[in-house]
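Below: one structure, written as structure tokens.
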Amino acid sequence: MNKTSWFNVVSLTLGFAFLYIPMIILIIFSFNESKLVTVWAGFSTKWYGELLHNEAFLNAAWVTIKVAVFSSTIATVLGTMAAYVLVRGGRFMGRTLFSGMIYAPLVMPEVITGLSLLLLFIGIGLDRGVLTIVLAHSTFSMCYVSVVVSSRLVTFDRSLEEAALDLGCSAAQAFRLVTLPIIAPAVISGWLLAFTLSLDDLVIASFTTGPSATTLPIRIFSAVRLGVSPEINALSTIMIAIVTFGVITASLITKHQMVRQKREEQEAVRG
Amino acid sequence: MRRFFLIAPPFAWLLLLFLVPFVIVVKISLSDAALAIPPYVPKFSWAEGIGTYFGQLDFENFTFLTEDDLYWKAYLSSLKIATVSTILTLLVGYPMAYGMARASSEWRPTLMMLVILPFWTSFLIRVYAWMGILSNEGFLNQFLLWAGIIDTPLIILNTNTAVYIGIVYTYLPFMILPIFSALERLDGSLIEAAEDLGCSRLTAFWLVTIPLSKTGIIAGCFLVFIPTLGEFVIPSLLGGSNSLMIGKVLWEEFFSNRDWPVASAVAVILLLILIIPIVLFQRNQQKQQEAEQ
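In order, the protein sequences belong to chains W and G. According to the UniProt record's numbering, the first sequence is numbered sequentially starting from 1. According to the UniProt record's numbering, the second sequence is numbered sequentially starting from 1.
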């Protein structure tokens, strides 16, 4: 499959242009002097400066990061447990219901998830704020984590775990010393996925938050509804930069780890 | 016993924060709206007993949804927008996935990364980026006016066209990735065989490549169709007052009209509509897994 035809080159070029030009324009105009986002009036970083003095955005960013750290950590713990149970747990009562509940939130429209959680929180009289957003985000992200982790658990060689057990490890030791290091890259990428999903979420956060906690997406959404503004462009640029840096670092780390793991496995086989 | 401690926490969490809330939605969809906090009746009380409680529930909200044509129009228009944009995404995504699968193996990881990167970037920001492009004095119009292609600015923002563009743009990675993984596994010698046996390249593509990437195409289409059906952000930022989508209606019913029972009924029906594509999607995934084994 190594033929490069002009058709493939053209479709890839156009496709990636479509994916990237809007973001490039967004980034360029975050450095625009003028308040108008469509007319270039010279280079300036003043919108970044204004952003730093905008209390509302800074508070919202802080709330968002808090929510993302807590919810992705809870989601990773619960999601890894769920994946382990689904792949290794064998049969148990309610297994079908359990796997159904793991997959359903992945396809559930956000408006429905948000609405149903809000109705629950009001029903049990829980004050809405950071806590309720964390609960909501943990719930849907744990499902993503469990999908990522279980796809790794399915492919790994079970005999390694069995060997550890035969050599006298307890089940907990075998998990900690053998299973966990092998699935670690999947657990980490699960955590990162949960973290970004939480950073990104507007709909579920809007339903489950109260007046005390406004997340960044909620703040951006209400600003953007009034139209385009250079300040939002600056904020978007910062967020794009962080994500790009994160994704590239993460992919380099996983690549490195995969190479190392393969080498170790080969060495182990050779004895 | 140890297994129990492993199963119980995620199980209990999902029961409490996924299943129970959903039962509550169904329950409230059968209640009546009221000027109270929370704004619906009846409220459950043990004193009155379960019998009287169920006696007060009815399907009034659902009949209301069929009577007011705003709602069924919104469902139909969501289905239409989701279908059209799924087809458009396929038309844009397939050639890209094909090009990626045919690229040399040194290039493939970079191309993959380029597809995945936007997926990690905030959804809201990616939709927002198009607001500056599609508006009347936006870049697209400036460019077309400058190039002399049009004389008067096109009105794109706040129309369904803008919604289509937004959906294709944001959901493109979901279409490319499954098709790419299907095409990557495809054995190139099959196409060569077809060409040797007298097929033109186009016929070979049509008779060999497309059928063999079918599971990828189906998976991609559902991955785009299912979430777009309940989409809220794109129609509310890029669409106009006439781009009706059910996610937006539900949002407004809840936040603006504060009619919880009707919002809940809208949610229940949306979910019933979604069950069909979700079941079909699951079946496609199962078939694919069986084929791999």
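Each residue gets a CB set at the ideal place from its N, CA and C atoms; glycine is no exception. Quantities reported herein were computed from a predicted structural model and do not represent experimental measurements.
Residues of the segment 160-174 of chain W with a C-beta atom less than 9 Å from some C-beta of chain G are Ala171, Ala172, listed in chain order.
Within 8 Å of the CB of threonine 38 of chain W, the CB atoms of chain G belong to Gly132, Ser135, Glu137, Gly138, Phe139, Gln142, in sequence order along the chain.
Of the residues W:Ile182, W:Arg219, W:Phe29, the one whose Cα lies closest to the Cα of asparagine 59 of chain W is W:Arg219. About 7 Å separates the beta carbon of tyrosine 84 of chain W from that of leucine 153 of chain W, a gap short enough to meet the 8 Å contact definition. Using a C-beta cut-off of 8 Å, the segment 156-165 of chain G makes no contact with the segment 211-221 of chain G, since fewer than three inter-stretch Cβ pairs fall below that distance. Taken atom to atom, the span from the alpha-carbon of leucine 235 of chain W to that of leucine 118 of chain W is near 29 Å. DSSP places aspartate 166 of chain W in the helix class (H, G or I) of the three-state scheme.
Taking 9 Å as the cut-off, the Cβ atoms of proline 230 of chain W and leucine 124 of chain G do not count as close. The C-beta distance from methionine 175 of chain G to leucine 90 of chain G rounds to 6 Å, short enough to meet the 8 Å contact threshold.
Of all alpha-carbon atoms in W:Leu135, W:Ser72, W:Ser34, the one lying nearest the alpha-carbon of threonine 45 of chain W is that of W:Ser34. At a cut-off of 9 Å, the C-beta of arginine 225 of chain W has a neighbouring C-beta in chain G. Per DSSP, reduced to three states, the secondary structure at aspartate 201 of chain W is coil, with no helix or strand assignment.
Contact residues of the segment 162-185 of chain G toward chain W are Val168, Tyr169, Leu172, Pro173, Ile176, Leu183, Glu184 (C-beta to C-beta distance below 9 Å). Taking C-alpha positions only, phenylalanine 11 of chain G is separated from threonine 96 of chain W by approximately 11 Å. Look at alanine 33 of chain G here: in three-state DSSP terms it is strand. Rounded to whole angstroms, the gap between the alpha carbons of phenylalanine 140 of chain W and proline 105 of chain W is 6 Å. Within chain W, the C-beta atoms nearer than 8 Å to that of leucine 6 of chain G come from Met81, Tyr84, Val85, Gly89, in chain order. Taking 9 Å as the cut-off, the beta carbon of tryptophan 13 of chain G is found no closer than this to the beta carbon of leucine 86 of chain W. Per the C-alpha coordinates, the member of G:Ala265, G:Gln286, G:Ile226 positioned closest to lysine 80 of chain G is G:Ile226.
For lysine 80 of chain G, the enclosing alpha helix (DSSP H) covers residues 69-102. Taking 9 Å as the cut-off, the Cβ atoms of threonine 80 of chain W and valine 9 of chain W do not count as close.
DSSP places phenylalanine 232 of chain G outside both helix and strand once states are collapsed to three, so it counts as coil. For leucine 199 of chain W, the closest C-alpha among the options G:Phe254, G:Leu186, G:Phe119, G:Ala291 is that of G:Phe119.
Take the alpha-carbon of valine 187 of chain W and the one of aspartate 201 of chain W: they are about 21 Å apart. The beta carbon of glutamine 282 of chain G falls within 9 Å of a beta carbon belonging to chain W, placing the residue at that interface.
With contacts defined by Cβ atoms closer than 9 Å, asparagine 136 of chain G and serine 264 of chain G do not form a contacting pair.
Residue pairing of asparagine 32 of chain W in beta bridges, as defined by DSSP: W:Phe43.
Distance check between valine 208 of chain G and each of G:Ala182, G:Tyr40, G:Ala219, G:Phe222 places G:Ala182 closest, using alpha-carbon atoms only.
Between threonine 86 of chain G and the set G:Thr121, G:Ser105, G:Tyr169, the nearest pair of CA atoms involves G:Tyr169.
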